[in-house]
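Position one of the sequence shown corresponds to residue 15 (the numbering used here), numbered consecutively onward. Even glycine gets a Cβ: it sits at the ideal position worked out from N, Cα and C. One structure is given below, encoded as structure tokens.
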Amino acid sequence: MLCCAFRVAAFAAVCSFLALGQNEESFTANQRILRIRELGKKDARAIPALTQYLTDSNRDIRVEAVKAIVKIGTEASLTPLVTAMHDNDSEVQIRATDGLTNYYVPGYVVKGGLTGSLTRGVRQVKAFFSSRNAQVIDPDVRIRPDVADALALQVRSGAGSDARANAARAAGILRDDAAVPALGESLHARDSEVIFESLVALEKIHDPAGCNSLSSPAHDLDDRIQATALEAIGMLHCLTCAPDVRSDLTDARNMRIRRAALEAMAMLAIPGDRQVFQKYVGDQDADLRASALEGLGR
15 MLCCAFRVAA FAAVCSFLAL GQNEESFTAN QRILRIRELG KKDARAIPAL TQYLTDSNRD
75 IRVEAVKAIV KIGTEASLTP LVTAMHDNDS EVQIRATDGL TNYYVPGYVV KGGLTGSLTR
135 GVRQVKAFFS SRNAQVIDPD VRIRPDVADA LALQVRSGAG SDARANAARA AGILRDDAAV
195 PALGESLHAR DSEVIFESLV ALEKIHDPAG CNSLSSPAHD LDDRIQATAL EAIGMLHCLT
255 CAPDVRSDLT DARNMRIRRA ALEAMAMLAI PGDRQVFQKY VGDQDADLRA SALEGLGR
């Protein structure tokens with residue numbers, strides 16, 4: 015009997031919170047979270063009520079508001095999520111980024127976004143960035159300009175390296191050409207995940223303007239970054255980076271870098287490199303032979 019009475023009282027409390035949009039300050043944080051979660055079960059008509067929580071001084075309230083807006087997941091969610099991208103809390107930014115990506119790539123939050131790893135600790139976040147994301151929207155899909163600009167800003171100045179790396183990944187998935195300058199700047203970041211995700215994003219966006227920033231990471235001491243930079247040089251056909259590729263091939267510290275450099279050289283297909291390809295045609299390594307033959311055939 016008491017249990018039933020408690021449920022009735024709880025339901026009445028929820029109804030009163032949903033009915034009253036004013037005097038939010040009089041409610042406790044838990045009461046506001048309860049209201050937000052109930053609103054999140056509704057449709058796009060609940061978005062205006064949820065949006066007011068994005069300016070709450072309590073970051074937990076703002077996180078819950080973003081989660082609810084993402085859950086509703088309609089076009090009406092985009093504007094408040096863009097607003098949330100300007101929050102100063104990294105989790106709010108990350109959840110907003112994943113929510114925007116999820117609109118254009120349905121299921122991203124559940125299957126591919128960083129959001130799920132946030133609740134499982136630092137190790138899961140690191141594991142998230144250790145795997146390369148291959149998702150990308152179709153070329154004929156265009157994201158809204160405000161979404162593109164918000165991602166670019168977060169790549170450049172997000173609240174922490176995880177938020178920046180996550181934004182770079184999203185920029186690549188969404189082919190955000192507005193983010194190319196920011197991605198280029200991020201190749202000079204101190205965090206290797208930010209650099210790696212920015213390189214992959216530049217490959218996906220496939221804008222030749224990205225070539226202007228690839229010389230430095232092509233000489234990085236991190237094998238993964240250097241190999242990915244060489245790959246990007248080849249894919250974007252960055253002829254201005256040819257001296258960097260030749261230098262990497264000559265001074266390669268291991269087979270991974272040598273393979274990446276010769277493959278990039280083959281994709282550049284510069285006639286003056288023909289003698290280099292002829293040198294590797296008879297190499298014992300199958301990958302080097304394949305790249306040499308590709309270079310000769312182009």
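For residue i, the nearest candidate out of the options (CA to CA)
i: Pro159; options: Pro222, Arg270 and Thr93; result: Thr93
i: Arg156; options: Gly174, Gly127, Gly186 and Asn102; result: Gly186
i: Asp103; options: Leu68, Val124, Leu114 and Ser305; result: Leu68
i: Ala203; options: Pro62, Asp234 and Gly248; result: Asp234
i: Val150; options: Val295, Lys125 and Arg183; result: Arg183
i: Ala309; options: Leu282, Ala162 and Ala223; result: Checking the sequence, you will find Gly at residue 309 rather than Ala. Closest option to Gly309, Cα to Cα, is Leu282.
i: Leu114; options: Val80, Tyr294, Phe291 and Arg170; result: Val80
i: Cys225; options: Gly248, Ala60 and Asn147; result: Gly248
i: Arg73; options: Gly87, Asp101 and Ser91; result: Asp101
Where the alpha helix (DSSP H) containing residue i begins and where it ends
i: Leu250; result: It is not in any alpha helix (DSSP H) - Leu250 carries neither H nor E in the DSSP assignment.
i: Leu114; result: Ser104 to Tyr118
i: Gln66; result: From DSSP, Gln66 is part of no alpha helix (DSSP H); its letter is neither H nor E.
i: Phe210; result: Ser206 to Ile219
i: Pro94; result: Leu92 to Ala98
i: Leu128; result: Leu128 -> no alpha helix (DSSP H), and no H or E assigned at all.
i: Gln292; result: Arg288 to Tyr294
i: Ser261; result: Ala256 to Thr264
i: Ile83; result: Arg73 to Ile86
i: Arg270; result: Met269 to Leu282
i: Gly309; result: Ala300 to Gly311
i: Ile47; result: Ala43 to Leu53
i: Asp101; result: Run containing Asp101: none; DSSP gives neither H nor E here.
i: Asn180; result: Ser175 to Ile187
i: Arg170; result: Pro159 to Ser171
i: Leu197; result: Val194 to Ser200
Burial state of residue i (16 or more Cβ within 10 Å)
i: Asp287; result: buried
i: Gly35; result: Because the pLDDT at Gly35 is just 49, under 50, the model does not fix this residue reliably, and the point stays unresolved.
i: Gly121; result: exposed
i: Ala215; result: buried
i: Leu263; result: buried
i: Asp176; result: buried
i: Leu188; result: buried
i: Glu207; result: buried
i: Ala14; result: The shown model of the chain, from 15 to 312, leaves out residue 14, and the question about it has no answer.
i: Asn44; result: exposed
i: Leu53; result: buried
i: Asn180; result: buried
i: Asp112; result: buried
i: Arg59; result: exposed
i: Glu211; result: buried
Residue i to residue j span [Cα, whole Å]
i: Ile47; j: Val84; result: 15 Å
i: Met269; j: Ser200; result: 27 Å
i: Val119; j: Ile219; result: 16 Å
i: Pro231; j: Glu78; result: 38 Å
i: His251; j: Pro285; result: 14 Å
i: Ala256; j: Gly198; result: 18 Å
i: Ile50; j: Met99; result: 19 Å
i: Val106; j: Pro153; result: 29 Å
i: Leu213; j: Asp299; result: 27 Å
i: Leu302; j: Asp258; result: 18 Å
i: Gly296; j: Asp191; result: 41 Å
i: Tyr5; j: Val123; result: Coverage of the chain is limited to positions 15 through 312, which leaves residue 5 absent and any answer about it impossible.
i: Val96; j: Ala110; result: 7 Å
i: Val169; j: Arg146; result: 18 Å
i: Ala246; j: Lys56; result: 44 Å
i: Glu89; j: Arg76; result: 20 Å
i: Ser229; j: Asp205; result: 18 Å
Integer-rounded CB distance, given that residue j should sit under 8 Å from residue i
i: Ala280; j: Arg260; result: Actually they do not touch by this definition, with Cβ atoms about 12 Å apart.
i: Gln240; j: Ile209; result: Gln240 to Ile209, Cβ: 10 Å. No contact.
i: Ala278; j: Leu244; result: 4 Å
i: Asp221; j: Val194; result: 5 Å
heavy atom of the ligand HEM below 6 Å from residue i C-beta
i: Gln66; result: For the structure depicted, the ligand HEM is absent and the ligand set is empty, with no information on it obtainable.
CB contact check: residue i to chain C, cutoff 7 Å
i: Pro94; result: No chain C appears in the structure shown, which is made up of a single protein chain.
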